[in-house]
Amino acid sequence: MKIPKAFRVVLVVIAVALPGASVFWYCNYGPTAFDPVVWRQGEQAEFSPDAPRLRMADQLVQSKVLVGKPKPEILAMLGAPSQTDKFNEYDLVYWLGAERGFISIDSEWLVLKCTESGIVKEARIVRD
């Protein structure tokens with residue numbers, strides 16, 4: 210059975226476009242390296258679903274670099290936590306930006322839970 214030429218062209222376009230779109234997304238919206246200067250500006254950043262803090266927090270959580278660090282080291286790295294009454298079950302809470310998605314109603318937050326001795330035992334990104 211012969212595959213129509215138009216169908217083959219569509220398959221080639223999809224085969225080229227899909228990886229290209231994936232690379233574009235990852236480079237522009239995927240995890241990015243932590244930059245303390247950009248991080249500290251993030252609290253005043255515009256309410257945008259592609260805020261740099263979101264991407265940096267993705268990298269921090271995925272790499273588990275925060276887990277095992279003492280609380281003073283986290284404060285030196287990330288600065289003072291955000292002022293919020295949310296997520297009281299966590300020890301440190303940082304606002305990241307508008308939630309990612311088609312309709313960004315809520316915010317995303319980096320939340321850290323510490324042991325009694327002040328060592329980070331959990332780092333997550335949550336939505337309010």
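Count the sequence shown with this note's numbering and you get residues 210 to 337, in order.
Even glycine gets a Cβ: it sits at the ideal position worked out from N, Cα and C.
The structure displayed is predicted, hence computed values, not measured ones.
Check, Outcome
"Any idea if arginine 264 is buried or exposed, counting beta-carbon neighbours within 10 angstroms, 16 or more meaning buried?", "buried"
"Is proline 213 helix, strand or coil by DSSP?", "coil"
"Go ahead and label methionine 210 buried or exposed: buried means 16 or more other beta carbons lie within 10 angstroms of its beta carbon, across all protein chains shown.", "exposed"
"Could you tell me if arginine 262 is buried or exposed, where buried requires 16 or more neighbouring beta carbons within 10 angstroms of its beta carbon?", "buried"
"Using a Cβ-Cβ cut-off of 7 Å (strictly less than) and excluding sequence neighbours within five positions of tryptophan 248, which residues of its own chain qualify?", "Arg262, Met265 and Leu287"
"State yes or no: is the C-beta of valine 302 within less than 9 Å of the C-beta of valine 320?", "yes"
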